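Worksheet for the structure shown next.
Numbering (the numbering used here), first residue to last: 197 to 455.
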């Protein structure tokens, strides 16, 4: 019998642990320099950061003179962002309710969790002032392909419909361009590219940090066995001779303007 994890038409809620995020995910923000360059924040501008997380990048953009507001679905991460002095609010990126308040909207490594992409773009378009820009970077098509493939196969062996459980929205470049243009924005830059990242911890910890929806369909006592299977399957392809793992990331980076 095929078991379903959640309704695919709604966004899966990844559970974030601030301590794990700081330990295992800091590189995500450190790799966002090019996206911030595309945003080109200027002193005095009002900016919205969708999926601001713990506010690490929001704080960097604020240091460039922009007046920042952050939104994130995780109350725990929002609490950390607020402790940095950021105007951070708990909210759903698919349900943004600002109206012509921002000169720019930014998002890094968050929108692959928001599967209602058209709703995100509608909210962004409403939030931007005329002439404002939307700049983002998130996981694109074939992101973590081998890891996802191994997890899907392990879940299928346990009777789960892995496609239903997979938490991510991973579009091709053409598909996301159409989403942006369909939401009334003019695309000035968009690219899908590979970004392999070497991590200094086991791949099972990467899955625990970034892929909790895959694991929470299983009882706690059954999760290590799945992680053992996935690790063994991935080692020949992703484990280096130096004992470090490479995550086969892809990224979709874009800039679009509101006419």
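Beta carbons: idealized from backbone N, C-alpha and C, even for Gly. Quick caveat, the model's predicted, so the values are computed rather than measured.
### Query
residue 270: buried (16+ other C-beta within 10 angstroms of its C-beta) or exposed?
For the purposes of this step, residue 270 is identified with residue 74 of the chain shown, where counting begins at 1. The residue is buried, with at least 16 neighbouring Cβ atoms inside 10 Å.
### Query
Can you give, in chain order, each stretch of the alpha helix (DSSP H) that sits fully within the region 320-403 and has at least 4 residues?
Note on the region 320-403: whole alpha helix (DSSP H) runs with a minimum of 4 residues are 341-353, 358-361, 369-378, in chain order.
#### Entry: Residues of its chain near residue 367, where Cβ-Cβ distance is below 8 Å and the 5 sequence neighbours each way are ignored
Position 171 of the chain shown, counting from 1, holds the residue named residue 367. Cβ-Cβ distances below 8 Å link residue 367 to 313, 336, 337, 375, 448 in the same chain, with the five nearest sequence neighbours on each side left out; the list follows chain order.
#### Entry: Alpha carbon of residue 264 to alpha carbon of residue 350, nearest angstrom
Along the chain shown, read from residue 1 onward, the residue named residue 264 stands at position 68. Along the chain shown, read from residue 1 onward, the residue named residue 350 stands at position 154. Approximately 42 Å, taken between the alpha carbons.
### Message
Let's see if you can read the secondary structure: which residues bound the beta strand (DSSP E) around residue 442?
### Response
The residue labelled residue 442 in the question sits at position 246 within the chain shown. The continuous beta strand (DSSP E) containing residue 442 extends over residues 441-453.
### Query
What separation, rounded to the nearest whole angstrom, lies between the Cα atoms of residue 382 and residue 439?
On the chain shown, position 186 is the one that residue 382 refers to. On the chain shown, position 243 is the one that residue 439 refers to. Here the C-alpha atom of residue 382 lies approximately 45 Å from the C-alpha atom of residue 439.
### Message
Does residue 293 come out as helix, strand or coil in the three-state DSSP assignment?
### Response
Sequence index remark: in the chain shown, residue 293 carries index 97 (1-based). DSSP places residue 293 in coil when its eight states are reduced to three.
### Query
Mapping DSSP to helix, strand and coil, what is residue 197?
As a working mapping, residue 197 is identified with position 1 in the chain shown. Since pLDDT at residue 197 reaches only 37, below the 50 mark, its modelled position is unreliable, and the value read off the structure follows with that caveat. In the three-state reduction of the DSSP assignment, residue 197 falls in the coil class.
### Query
Would you call the CB atoms of residue 303 and residue 245 closer than 8 Å?
The count along the chain shown starts at 1 and reaches residue 303 at position 107. The count along the chain shown starts at 1 and reaches residue 245 at position 49. Against a cut-off of 8 Å, the Cβ pair of residue 245 and residue 303 comes out as a contact.
### Query
residue 303 by DSSP, collapsed to three states: which one?
As a working mapping, residue 303 is identified with position 107 in the chain shown. Note: residue 303 maps to strand in three-state DSSP.
### Query
According to DSSP, which residues form a beta bridge with residue 244?
Here residue 244 is taken as the residue at index 48 of the chain shown, counted from 1. DSSP output for residue 244 lists 265, 301 as bridge partner(s).
### Message
With the cut-off set at 8 Å, would you say residue 409 and residue 347 are in Cβ contact?
### Response
As a working mapping, residue 409 is identified with position 213 in the chain shown. As a working mapping, residue 347 is identified with position 151 in the chain shown. One thing to note: residue 409 has its Cβ no nearer than 8 Å to the Cβ of residue 347.
### Task
Kindly identify the DSSP beta-bridge partner or partners of residue 284.
By 1-based counting over the chain shown, the position of residue 284 is 88. According to DSSP, residue 284 bridges with 266.
### Task
Return the Cβ separation of residue 426 and residue 403 in integer angstroms, given the expectation that the two are a contact with Cβ distance under 8 Å.
By 1-based counting over the chain shown, the position of residue 426 is 230. By 1-based counting over the chain shown, the position of residue 403 is 207. Contact between residue 426 and residue 403 holds, since their C-beta atoms are separated by about 7 Å, short of 8 Å.
### Task
Let me know the secondary structure DSSP gives residue 435 once reduced to three states.
Within the chain shown, residue 435 is the residue found at index 239, counting from 1. Strand.
### Task
State buried or exposed for residue 356, treating a residue as buried only when at least 16 other CB atoms are found within 10 Å of its CB.
Position 160 of the chain shown holds residue 356. With a threshold of 16 other beta carbon atoms within 10 Å, residue 356 meets it and is buried.
### Query
Who are the near neighbours of residue 325 in its chain, counting only those whose CB is closer than 7 Å to its CB and skipping five residues on each side?
To locate residue 325, count along the chain shown from 1; it is residue 129. Only residues of its own chain outside the window of five on either side were considered, and among them 296, 298, 299 have a CB closer than 7 Å to the CB of residue 325, listed in chain order.
### Query
What is the rounded straight-line gap between the Cα of residue 290 and the Cα of residue 340?
Taking the first residue of the chain shown as 1, we reach residue 290 at position 94. Taking the first residue of the chain shown as 1, we reach residue 340 at position 144. Counting only the Cα atoms, residue 340 lies some 23 Å from residue 290.
### Task
Determine whether the Cβ of residue 414 lies closer than 8 Å to any Cβ atom of chain B.
Annotation note: the requested chain B is absent from the structure, which comprises a single protein chain.
### Query
For residue 228, does the three-state DSSP call read helix, strand or coil?
Residue 228 sits at position 32 when you count from the first residue of the chain shown. Looking at residue 228 - three-state DSSP - the assignment turns out to be coil, as it is neither helix nor strand.
### Contact set for residue 352: own chain, Cβ-Cβ below 6 Å, skip 5 residues either direction
Numbered from its first residue, the chain shown carries residue 352 at position 156. Here the set comprises 358.
#### Entry: Cutoff 8 Å; reference residue 328; Cβ partners in own chain excluding five residues on either side
The residue you call residue 328 lines up with position 132 of the chain shown. These residues qualify, in order along the chain: 298, 299, 300, 301, 453, 454.
### Query
Taking buried to mean at least 16 other C-beta atoms within 10 Å of its own C-beta, is residue 363 buried or exposed?
Along the chain shown, one-based indexing puts residue 363 at 167. Answer is buried; the Cβ neighbour count reaches 16.
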